[in-house]
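Let me begin by presenting the structure, written as structure tokens, before commenting on it.
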Amino acid sequence: MEISDEKRKEGLIILGCPEAPAQVSLAVHLAHGLRRSGYAPVVAGNPSARQLLAMADPEHHYIGEMLDLERCIEEISTDERDYDLSFVLVHRESGVSYAGTVSVVSAGRVVAVVFGKEAEALASLIDFDCETVVAPAVHNPMPLKKAIDRVMKWDV
Amino acid sequence: MGCVEALNYEVLLRHCSFKEYRAFIKKHYREVYEVQPGYKIFDLALIGVPPIPIGVDGNFVIFPYTKPCHGTFVLKVEGKEEIEKLRSGK
Chain A
1 MEISDEKRKE
11 GLIILGCPEA
21 PAQVSLAVHL
31 AHGLRRSGYA
41 PVVAGNPSAR
51 QLLAMADPEH
61 HYIGEMLDLE
71 RCIEEISTDE
81 RDYDLSFVLV
91 HRESGVSYAG
101 TVSVVSAGRV
111 VAVVFGKEAE
121 ALASLIDFDC
131 ETVVAPAVHN
141 PMPLKKAIDR
151 VMKWDV
Chain B
1 MGCVEALNYE
11 VLLRHCSFKE
21 YRAFIKKHYR
31 EVYEVQPGYK
41 IFDLALIGVP
51 PIPIGVDGNF
61 VIFPYTKPCH
71 GTFVLKVEGK
81 EEIEKLRSGK
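Chains A and B, in that order, are what the protein sequence lines are. Per UniProt numbering: the first sequence = residues 1 to 156. Per UniProt numbering: the second sequence = residues 1 to 90.
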């Protein structure tokens, strides 16, 4: 599927398991960065992950449209929809599988944001074509923020 | 979009890594096909690190099913049509 440039570019944020403390802050930061860069942010996750984020940004000032995770993957894999840029949040091994999936089914740029206690070990599992941002952030999100801003050039 | 709960499945492995299920399927099944993530089986888009192995045992297919919080399960489901699709390379 060709990603149309006639409409506003869309940036996807795929949430992982909701138990990671940094995930909500990370998603809001990415959505804010996407908006500043001219993208319409779209967030996909399981119901609990979406509800945590919606509670933090109830009027969707940052996070934009929200999608069911399975529906989102289905739409990309069947060419119904695609995204110019996708962030996949990885703090468990399952996140690596989602990053691997999006790297294959999407024609857009894919960035795996790997964080948490096992960040380095998880990043070592990524042997497919995918950009990575890696920081062992658990409670303090600043190393992760700096790593993202550096890779996305959001710090200039 | 399919729903895994609509399938009559047997769980062969629970909470496993992609390396574990790759090794399990390749070790236990002689007929194995490799597909890309997003491949549709029982109307489910497969999640995983490419390539994803799918085993065939008689009239059953053996494939990984991944959820964000629970990791990956290896499921065994009867499906002659899915086996024909795998064998024909579609």
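All residues carry an ideal CB built from backbone N, CA and C; glycine is no exception.
Residue i touches chain A at which residues, Cβ-Cβ below 8 Å?
{"i": "Lys67 of chain B", "result": "Asn46, Ser94"}
{"i": "Ala23 of chain B", "result": "Under the 8 Å cutoff, chain A gives no residues; its nearest Cβ is about 14 Å from Ala23 of chain B."}
Residues of chain B with a CB under 9 Å from the CB of residue i: which are they?
{"i": "Thr132 of chain A", "result": "Chain B residues near Thr132 of chain A: none, gap ~14 Å exceeds 9 Å."}
So which residues of chain B does residue i contact, with C-beta pairs closer than 7 Å?
{"i": "Leu34 of chain A", "result": "Neighbours of Leu34 of chain A on chain B: none; closest Cβ ~21 Å, over 7 Å."}
{"i": "Phe128 of chain A", "result": "Val49, Pro50"}
{"i": "Leu52 of chain A", "result": "Chain B residues near Leu52 of chain A: none, gap ~13 Å exceeds 7 Å."}
{"i": "Gly100 of chain A", "result": "Pro37, Gly48, Val49, Pro50"}
{"i": "Val105 of chain A", "result": "Pro37, Gly38"}
{"i": "Ser124 of chain A", "result": "Correct list: empty, because the minimum Cβ distance to chain B is about 12 Å."}
Is the Cβ-Cβ distance between residue i and residue j less than 8 Å?
{"i": "Val151 of chain A", "j": "Val133 of chain A", "result": "yes"}
{"i": "Ile68 of chain B", "j": "Cys17 of chain A", "result": "Going by the sequence as given, residue 68 of chain B is Pro instead of Ile. Their beta carbons are under 8 Å apart, which means Pro68 of chain B touches Cys17 of chain A by this criterion."}
{"i": "Tyr29 of chain B", "j": "Gly58 of chain B", "result": "no"}
{"i": "Gly38 of chain B", "j": "Val104 of chain A", "result": "yes"}
{"i": "residue 157 of chain A", "j": "Ile47 of chain B", "result": "Past the boundaries of the shown model lies residue 157 of chain A; chain A is included only from 1 to 156, so the question cannot be answered."}
Can you list, in chain order, the residues of its chain with a C-beta nearer than 6 Å to that of residue i? Leave out the 5 residues immediately preceding and following it.
{"i": "residue 196 of chain A", "result": "Nothing in the structure corresponds to residue 196 of chain A, since chain A is present only between 1 and 156."}
{"i": "Asn140 of chain A", "result": "none"}
Mind listing the chain A neighbours of residue i? Cutoff is C-beta to C-beta under 7 Å, in chain order.
{"i": "Ser17 of chain B", "result": "Glu93"}
Which residues in the same chain have their Cβ closer than 7 Å to the Cβ of residue i, if we skip the five residues on either side of it in sequence?
{"i": "Lys146 of chain A", "result": "none"}
{"i": "Ser106 of chain A", "result": "Ile76, Asp82, Tyr83, Ser86"}
Tell me which residues share the same chain as residue i and place their Cβ nearer than 8 Å to its Cβ, disregarding the 5 neighbours each side in the sequence.
{"i": "Ser88 of chain B", "result": "none"}
{"i": "Val32 of chain B", "result": "Ile25, Lys26, Pro53, Ile54, Gly55, Val56"}
{"i": "Asn8 of chain B", "result": "Val77, Glu78"}
Anything in chain A within Cβ reach of residue i, meaning under 9 Å, just list it in chain order.
{"i": "Ala6 of chain B", "result": "Ordered by position in chain A, no residue passes the 9 Å Cβ test against Ala6 of chain B, which lies about 13 Å from the chain."}
{"i": "Gly71 of chain B", "result": "Arg92, Glu93, Ser94, Ser97"}
What do you reckon, is the C-beta of residue i under 7 Å from a heavy atom of the ligand MG?
{"i": "His91 of chain A", "result": "Judged by which ligands are present, the structure shown has none, so any question about the ligand MG falls away."}
Using a C-beta to C-beta distance shorter than 8 Å, which residues of chain B count as neighbours of residue i?
{"i": "Leu69 of chain A", "result": "Pro68"}
Task: Members of the region 8–34 of chain A near chain B, C-beta cut-off 8 Å - done: Leu15, Gly16, Cys17, Pro18, Glu19
- [ ] Could you tell me whether the region 13–31 of chain B touches the region 46–54 of chain B, using the rule of 3 or more Cβ pairs below 8 Å?
- [x] yes
- [ ] Flag this pair as touching only if the region 91–100 of chain A and the region 16–30 of chain A have three or more C-beta atom pairs under 8 Å; answer yes or no.
- [x] yes
Open item on the list: Along the region 25–42 of chain B, where does the CB come closer than 9 Å to a CB of chain A? Name the residues.
Closed with: Gln36, Pro37, Gly38, Tyr39, Lys40
TODO: Evaluate contact between the region 77–85 of chain B and the region 32–42 of chain B, counting only Cβ atoms and requiring at least three cross-stretch pairs below 8 Å.
DONE: yes
Open item on the list: What are the residues in the region 72–85 of chain A lying within 8 Å of chain B by C-beta distance?
Closed with: Ile73, Glu74, Ile76, Ser77, Thr78
Open item on the list: Measuring CB atoms only, is the region 31–43 of chain A touching the region 55–72 of chain A, in the sense that at least three cross pairs come out at less than 8 Å?
Closed with: yes
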